[in-house]
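Working notes, beginning with the structure itself.
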Amino acid sequence: MTVGEVKRRLMGPESFNFSLLGALLRRAKMPEKSQMLIEELNQVGLSIPRGRRRLSQVTLLSALTEAESLQLANDFKKITESEFPTRLMAIEALDSFKQSTPSILPGTCDNENLNSIRLQKLQAAIKLTKQFLELMGRDTSPMMENNMEPLLDEELQAPLSTFSMLTHGFGNPAIQVGVNCFLRFLEEQVKIICEQQEQKINLFPNAK
Numbered sequence: 018m019t020v021g022e023v024k025r026r027l028m029g030p031e032s033f034n035f036s037l038l039g040a041l042l043r044r045a046k047m048p049e050k051s052q053m054l055i056e057e058l059n060q061v062g063l064s065i066p067r068g069r070r071r072l073s074q075v076t077l078l079s080a081l082t083e084a085e086s087l088q089l090a091n092d093f094k095k096i097t098e099s100e101f102p103t104r105l106m107a108i109e110a111l112d113s114f115k116q117s118t119p120s121i122l123p124g125t126c127d128n129e130n131l132n133s134i135r136l137q138k139l140q141a142a143i144k145l146t147k148q149f150l151e152l153m154g155r156d157t158s159p160m161m162e163n164n165m166e167p168l169l170d171e172e173l174q175a176p177l178s179t180f181s182m183l184t185h186g187f188g189n190p191a192i193q194v195g196v197n198c199f200l201r202f203l204e205e206q207v208k209i210i211c212e213q214q215e216q217k218i219n220l221f222p223n224a225k
């Protein structure tokens, strides 16, 4: 762990007490180990008041270092990209839309009209989703040894940094994984509709 990470655990929203920091650092609860930790903190200008109470609820993420949290997020990303059934979800969503829409909007039972309606909705959703991801990509919450200049207004960056510290760096990349998965789900539907339109053109080249 870096000094910056220890500082975030002690002075951030979690306000780790001595016991929690020792557990995070995998230090045994032995007098000599405790004294050694006190001395090491003093060497880098940090200390923990005796009897301090933590300020936030302990979660499973509290037990992870930032490096471990980032590795978890990276593994989550790889598995999601390789195993999540995005195309099957897209096919199911399109079928469901085509079955339910005519009863809601009479006169739209024509497949071409349904595709046109769906494309408009998908394009709007894709635009909003990309805007959300662009904002998340500008998050400069401190992580590991990185402490970048902020790109967002303080009133937005501050709560993002708090969220990042409470999740030990897992939160932002994990959310991006989920939202990127949703974006692929939307884009896959657009791809399927375009494939259907292309097939129709190939089957009926003279159709108007």
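All residue numbers for the sequence shown refer to the numbering used here, where the first residue is 18 and numbers rise by one. Beta carbons are placed, not taken as given, at the ideal position from N, Cα and C, and that holds for glycine.
N178 - containing alpha helix (DSSP H), residue span:
One point to set straight first is that residue 178 is Ser, not Asn, in the sequence displayed. S178 -> alpha helix (DSSP H) spans E171 to L183.
For L81 and V23, which I take to be in contact (beta-carbon distance under 8 Å), what is that distance rounded to the nearest angstrom?
Rounded, the Cβ-Cβ distance is 14 Å, inconsistent with contact.
Buried or exposed: D156, going by 16 or more other Cβ atoms within 10 Å of its Cβ?
buried
To the nearest angstrom, report how far apart C211 and M106 are at their CA atoms.
17 Å
Tell me the rounded alpha-carbon separation between N59 and K147.
45 Å
Buried or exposed by the 16-neighbour rule on C-beta atoms within 10 Å, applied to L139:
buried
What are the complete alpha helix (DSSP H) segments, minimum 4 residues, inside the segment 98-168?
103-121 and 128-154
Pairwise C-alpha distance: L41 and R25
13 Å
DSSP three-state label for Q74, please.
coil
Candidates E205, G195, I209 and V207: closest to A90 by CA position:
G195
To the nearest angstrom, how far is it from the Cα of Q216 to the Cα of L168?
46 Å
Selected residue, minimal CA-CA separation from G186, among L87, I65 and E98:
L87
DSSP three-state assignment for L87, whether helix, strand or coil:
helix
Suppose the cutoff is 8 Å on Cβ atoms and the five residues either side in sequence are ignored; what does the same chain contact list for L150 look like?
Q193, V196, N197 and L200
Does DSSP put E31 in a helix, in a strand, or in coil?
coil
Since E162 and G29 are thought to touch, with beta carbons under 8 Å apart, how far apart are those beta carbons, to the nearest angstrom?
At roughly 16 Å, the Cβ-Cβ gap does not stay under 8 Å, so E162 and G29 are not in contact.
Near T103, what residues of its chain come up, given a Cβ to Cβ distance below 8 Å and the 5 sequence neighbours on each side ignored?
C198, R201, F202 and E205
Would you report the Cα separation of Q74 and L173, rounded to the nearest angstrom?
23 Å
Residue from S36, Q214 and E31 with nearest C-alpha to N132
Q214
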